[in-house]
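Asks: Residue numbers (UniProt numbering): 1 to 567.
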């Protein structure tokens, strides 16, 4: 077997030296607009999003390195689109293993296969597999490009209390403790959140009585880049197994162990290697990269906002890993929170807007927990009757579509549709398709001035987000009066940028103060059911919040006020 080169750079061995900050020598505790606790994917995504919009951020992390082991590896299309807006999505996709398809096996036979992105015309795939330390490394390198974002390693949160208009923090460092203040504190410090513990808060939910082994192995293999899931395979009878490919010729294998398995004993090489050999065969050469044992947990905090402290990611909620809902939902928490917190800090929205973060992301967490619980119940039957039902479904799924819809090897992460959000303006007009208020905006290929920029494909989502955006569907320039009214909305307290989308093949035109795009393949007009004169209002996190068949500046202004908490 030829030598397999290690990743370069090796993000697992990087160490970030502790540096004394000026705050530690200040006569009085220094006050910051936002302090984020935790430099994992969720904390870094939150900090980058805020810093990009002009908010200074300090990140505290009690460690001095990135994630140990691959940990979260499946990053969904929506998360990649968020990373695009944060300036590092291309790196994730270039390094990651792209996949859209998966296969389900029952015992030693295939049951069916599925495609998570069956249509074309999207910039990003359904998923990429990428070790968490790469994701953190790419986010960190992006964070270092932002002058108003500071990361303090080996700074542990040791105490906090609410103070007038903010939070008073006690921080422990290798040089001893110091105090600082924050207008707002974002807790992104993981499932064992020290912030949550210091505040005497809990996450409540269900711990499932089963254990799984993760074995990351490095090997040369020509398996396709697909998700393979086995129920009751002959190489691991009465249990389940999942196989995923990662970069650097590393493969993730999850083995179901049962509740009675000893977690420490199962991590020993003499226990892991025979399980891997049973799957791969005696002739396959491999080396162990990382081993871990975990249990299924589905739980969340009652609320994600507690005064000036806001909980995100695993600090706020936890789900079982099948379905890739943990890190993906955490990054979506970050995106939901950052734009709202930015508006509040700029005085453009009341603090009450942050209650919608709590409501929307609690709803999304409950949806994830519900789907994760159903997956867990199917993967790990609790009694003989439920096992018999599951096996019958798997037998039928070989030939029957209705049974395939019942197979649940982990319903994979999709963004929540926030239909009942108080920030939405209900439809007054009839539309077809999925772009309802509360949905994430769909992507589509576009071009500017009848050509691609720099010879590269353009994508609609790259022109949406970061601020409120009005998307006008029009085959000709808007009337001067309408255009003046729409452009005036860009100078309000809550500005709205205007994007005009003309039909595929239509004559180019320019609109002063707006971006004009051509719907290169006609997919955007179809996906949004735009129609001539149709208008969509999109939030900074690219969720639809209002739409009309004709653009009415007064209605748009009212919807902007509602979506920013000013109504």
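Every residue gets a Cβ at the ideal spot worked out from N, C-alpha and C, and that includes glycine. Every value quoted in this text rests on a predicted model; they were computed, and no experiment measured them.
1. In chain order, what residues of the same chain have a beta carbon less than 7 Å from the beta carbon of residue 367, not counting five sequence neighbours either side?
2. Residue 309: buried (16+ other C-beta within 10 angstroms of its C-beta) or exposed?
3. For residue 137, which residues of its own chain have a beta-carbon under 7 Å away from its beta-carbon, when the five flanking residues on both sides are left out?
4. If you reduce the DSSP assignment to three classes, tell me which class residue 222 lands in.
5. Give the secondary structure of residue 543 by DSSP, where H, G and I count as helix, E and B as strand, and everything else as coil.
6. Here's a check: name, in chain order, each residue in its chain whose Cβ is nearer than 6 Å to the Cβ of residue 253, leaving out the five neighbours to either side.
7. Three-state secondary structure (DSSP) at residue 333?
8. Can you tell me whether residue 433 is helix, strand or coil according to DSSP?
9. Within a Cβ cutoff of 6 Å, which residues of the same chain sit near residue 13, ignoring the five residues on either side of it in sequence?
10. Which of the three DSSP states, helix, strand or coil, is assigned to residue 1?
11. From this set, 559, 541 and 540, which residue's C-alpha is nearest residue 547's C-alpha?
12. In this structure, does DSSP put residue 418 in helix, strand or coil?
13. Please determine if the stretch 326 to 333 and the stretch 79 to 92 are in contact, where contact requires at least 3 C-beta pairs separated by less than 8 Å.
14. Please name the residue or residues paired with residue 151 in a DSSP beta bridge.
15. Assuming residue 103 is part of the beta strand (DSSP E), what are its boundary residues?
16. Leaving out the 5 sequence neighbours to the left and right, which residues in its chain are closer than 6 Å to residue 35 when beta-carbon positions are compared?
17. Straight-line CA distance for residue 305 to residue 196?
18. Across which residues does DSSP place residue 129 in a beta bridge pair?
19. Under the DSSP definition of a beta bridge, which residues are partnered with residue 299?
20. How about residue 18 and residue 175: do their beta carbons lie closer than 9 Å?
21. Which residue or residues does DSSP assign as beta-bridge partners of residue 519?
22. Can you check DSSP and say which residues form a bridge with residue 246?
23. For the ligand ZN, is there a heavy atom less than 8 Å away from the beta-carbon of residue 151?
24. For residue 471, which of 110, 199, 532 and 179 has the nearest alpha-carbon?
25. Just the C-alpha distance for residue 140 and residue 146, rounded to the nearest angstrom, thanks.
26. Following the continuous alpha helix (DSSP H) through residue 16, name the residue where it begins and the one where it ends.
27. Does DSSP classify residue 6 as helix, strand or coil?
28. Using the rule of at least 16 other Cβ atoms within 10 Å of the residue's Cβ for burial, across every protein chain shown, is residue 153 buried or exposed?
29. Can you grab the Cα-Cα spacing for the pair residue 362 / residue 341, in whole Å?
30. With distances taken from CA atoms, which of 246, 395 and 53 is nearest residue 94?
31. Leaving out five residues on either side along the sequence, give the residues of the same chain with a beta carbon under 6 Å from the beta carbon of residue 307.
32. If you drop the 5 nearest sequence neighbours on each side, which residues of the same chain put their C-beta closer than 6 Å to that of residue 568?
33. Apart from the five residues just before and just after residue 461, which ones in its own chain have a Cβ nearer than 6 Å to its Cβ?
34. Assign residue 207 to buried or exposed, taking buried as 16 or more other Cβ atoms, counted over all protein chains shown, within 10 Å of its Cβ.
35. Look up residue 112 in the DSSP assignment and say whether it is helix, strand or coil.
36. So the alpha helix (DSSP H) residue 560 belongs to, where does it begin and stop?
Replies: From the atom records:
1. For this step, residue 367 is matched to residue 367 along the chain shown. Excluding positions up to five away in sequence, the list reads 416.
2. Counting from 1 along the chain shown, the entry for residue 309 is found at position 309. Its Cβ being crowded by 16 or more others within 10 Å, residue 309 is buried.
3. In the chain shown, the residue the question calls residue 137 occupies position 137. So the qualifying residues of the chain are 11 and 66.
4. Indexing the chain shown from 1 puts residue 222 at position 222. In this structure, residue 222 counts as coil in the three-state DSSP scheme.
5. Taking the first residue of the chain shown as 1, we reach residue 543 at position 543. Note: residue 543 maps to strand in three-state DSSP.
6. The sequence position of residue 253 within the chain shown is 253, counting from 1. Correct list, in chain order: 215 and 243.
7. Start at 1 with the first residue of the chain shown, and residue 333 comes out as number 333. DSSP places residue 333 in helix when its eight states are reduced to three.
8. Along the chain shown, one-based indexing puts residue 433 at 433. Coil, per DSSP.
9. As a first step, residue 13 must be located in the chain shown, where it is residue number 13. Counting only Cβ-Cβ distances below 6 Å, and skipping sequence neighbours, we find nothing.
10. The sequence position of residue 1 within the chain shown is 1, counting from 1. For residue 1, the predicted model reports a pLDDT of 39, less than 50, meaning its position is unreliable and no value from the coordinates is stated.
11. On the chain shown, residue 547 is found 547 positions in, with the first residue counted as 1. Out of 559, 541 and 540, 559 has the C-alpha closest to the C-alpha of residue 547.
12. Indexing the chain shown from 1 puts residue 418 at position 418. Note: residue 418 maps to coil in three-state DSSP.
13. yes
14. In the chain shown, counting from the first residue as 1, residue 151 sits at position 151. Looking at the DSSP assignment, residue 151 forms a beta bridge with 59.
15. Here the question's residue 103 lines up with position 103 in the chain shown. Start and end: 101 to 106.
16. By 1-based counting over the chain shown, the position of residue 35 is 35. A distance below 6 Å between beta-carbons, with the five flanking residues on each side excluded, links residue 35 to the following residues of its chain, in chain order: 58, 182 and 185.
17. As a working note, residue 305 is residue 305 in the chain shown. As a working note, residue 196 is residue 196 in the chain shown. Spanning the two alpha carbons is a distance of roughly 11 Å.
18. To locate residue 129, count along the chain shown from 1; it is residue 129. For residue 129, which the question treats as bridged, DSSP gives the partners 74 and 97.
19. Mapped onto the chain shown, residue 299 falls at position 299. In DSSP, residue 299 forms a bridge with 205 and 318.
20. On the chain shown, position 18 is the one that residue 18 refers to. On the chain shown, position 175 is the one that residue 175 refers to. Going by C-beta atoms, residue 18 is nearer than 9 Å to residue 175.
21. To locate residue 519, count along the chain shown from 1; it is residue 519. DSSP lists 446 as partners of residue 519.
22. Counting from 1 along the chain shown, the entry for residue 246 is found at position 246. Per DSSP, 250.
23. The ligand content of the structure shown is nil, which means the ligand ZN is not present either.
24. Reading the chain shown from its first residue, position 471 is the one you call residue 471. Nearest option by C-alpha distance: 532.
25. Stepping through the chain shown from its first residue, residue 140 is reached at position 140. Stepping through the chain shown from its first residue, residue 146 is reached at position 146. Answer to the nearest angstrom: the Cα atoms are 10 Å apart.
26. Along the chain shown, read from residue 1 onward, the residue named residue 16 stands at position 16. Segment: none, residue 16 is in no alpha helix (DSSP H) and carries neither H nor E.
27. As a working note, residue 6 is residue 6 in the chain shown. Low local confidence applies: a pLDDT of 45 at residue 6 is under 50, so the model's placement there is unreliable, with the coordinate-based value given in what follows. Residue state, collapsed to three classes: coil.
28. Reading the chain shown from its first residue, position 153 is the one you call residue 153. Residue 153 is buried by the Cβ-count criterion.
29. Translated into the one-based positions of the chain shown, residue 362 becomes position 362. Translated into the one-based positions of the chain shown, residue 341 becomes position 341. About 17 Å.
30. Walking along the chain shown from the start, residue 94 turns up at place 94. When each option's Cα is compared against that of residue 94, the closest is 246.
31. For the purposes of this step, residue 307 is taken as residue 307 along the chain shown, with counting starting at 1. Within the same chain, residue 307 has close Cβ partners 162.
32. Here the chain has residues from 1 to 567 only, and residue 568 is not among them.
33. Sequence index remark: in the chain shown, residue 461 carries index 461 (1-based). 81 and 443, listed in sequence order.
34. As a working mapping, residue 207 is identified with position 207 in the chain shown. By the neighbour-count rule (16 or more Cβ atoms within 10 Å), residue 207 is not buried but exposed.
35. Within the chain shown, residue 112 is the residue found at index 112, counting from 1. In this structure, residue 112 counts as strand in the three-state DSSP scheme.
36. Here residue 560 refers to the residue found at position 560 of the chain shown. 553 to 563 is the span of the alpha helix (DSSP H), which, as asked, contains residue 560.
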